[in-house]
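In full-length UniProt numbering, the protein residues as written are 1 to 299.
No residue lacks a Cβ here, since even glycine has one placed at the ideal position from N, Cα and C.
In this text, all values refer to a predicted model and were calculated from it rather than measured experimentally.
Data block below; observations after.
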């Protein structure tokens, strides 16, 4: 059985990628299953998805803990998550990155394939959605499925949802990434430390299951707990306000779903706290005078 674990952020299409890979494998005569793992996260939050492929029927329903391949749709996750946790010694990591494999430090020297999937997506799809491009890199790095099978699966799956032309553009993104993927070995310098799960244990849960404000070994829980979860690395785009255009109507402040926009009373100004801004773009969409633009948070 070949097991794949996808690491991405909400809105990047990790779940769709896992499903598309499974469909391509089935079209080649294999058995395959795909499923996600996420809670109530907003766009930009880290999410997981899994695919299993086998020549026999698959009965395992657990998460993938010891993958043959990990696929990383956003390389900013490398700084916060041990994406290669449980990866088999002969396994491979497929990463969306502008860096070459030997320039990426995964804490282990392992087989690594890289491709600048976000650049390909912006060029071909006009959106930073990297799922189809990274599937092309997966095909090149592993050979588990043929790129032709992935192209057909992408055209059908994306075409049904978004239209034939969109399906064809996504298939082109996969083919382009396939041709540009670089395969090598990662560095293994940084020390990997297991992060504590940001969840209370069952012993710490109050009677009845309703959370109250409290402190655990993993951090704060309950009301106000998100103050410990800075999300500055989640956003692909971030809002930039033009003070000359701003008329202080406060619609951005009113509509911000995370409350990251603060009024500075002594200056009669507004400030965005980028530690907690997920780059959703609601403020820019609601601004009546076009004073807020969404700009790339990183290259």
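What does residue i pair with, by DSSP beta-bridge criteria?
i           : result
residue 33  : 52
residue 8   : 47
residue 3   : 52
residue 238 : 295
residue 105 : 187
residue 114 : 95, 182
residue 271 : 262
Inspect the beta-carbon positions of residue i and residue j and report whether they are closer than 8 Å.
i           : j           : result
residue 86  : residue 65  : yes
residue 113 : residue 62  : no
residue 59  : residue 48  : no
residue 260 : residue 277 : yes
residue 230 : residue 289 : no
residue 20  : residue 125 : no
residue 153 : residue 23  : yes
residue 137 : residue 145 : no
residue 287 : residue 256 : no
residue 294 : residue 131 : no
residue 279 : residue 76  : no
residue 54  : residue 1   : yes
residue 110 : residue 57  : no
residue 174 : residue 121 : no
residue 6   : residue 18  : yes
residue 187 : residue 99  : no
residue 11  : residue 44  : yes
Below 8 Å on the Cβ atoms is my contact criterion, and I expect residue i with residue j to pass it. Report the Cβ-Cβ distance as a whole number of Å.
i           : j           : result
residue 291 : residue 241 : 6 Å
residue 128 : residue 51  : Not quite, the Cβ-Cβ distance comes to about 22 Å (not below 8 Å), so this is no contact.
residue 115 : residue 68  : 19 Å between Cβ atoms; not a contact.
residue 238 : residue 253 : The pair is not a contact, with the Cβ atoms about 16 Å apart (cut-off 8 Å).
residue 177 : residue 141 : Contact doesn't hold; Cβ gap of about 10 Å is too wide.
residue 9   : residue 46  : 6 Å
Tell me where the beta strand (DSSP E) around residue i begins and ends.
i           : result
residue 185 : 182–185
residue 69  : 69–72
residue 264 : 261–264
residue 96  : 92–96
Under DSSP, the alpha helix (DSSP H) around residue i begins and ends at which residues?
i           : result
residue 156 : 147–162
residue 255 : 251–255
residue 57  : Premise fails: residue 57 is in no alpha helix (DSSP H) and is neither H nor E.
residue 16  : 14–27
residue 122 : 117–124
residue 84  : Element bounds for residue 84: n/a, residue is neither H nor E.
residue 286 : 282–286
residue 136 : 131–142
For residue i, is the beta carbon positioned less than 7 Å from some heavy atom of the ligand HEM?
i           : result
residue 249 : No copy of the ligand HEM appears in this structure; indeed no ligand is present at all.
### At least 3 beta-carbon pairs within less than 8 Å: the region 89–107 vs the region 66–73
yes
### Task
Would you check if there are 3 or more beta carbon pairs closer than 8 Å linking the region 147–155 to the region 98–106?
no
### Message
I'd like to know if the region 28–39 and the region 168–177 are in contact, where contact means that at least 3 CB-CB pairs between them fall below 8 Å.
### Response
no
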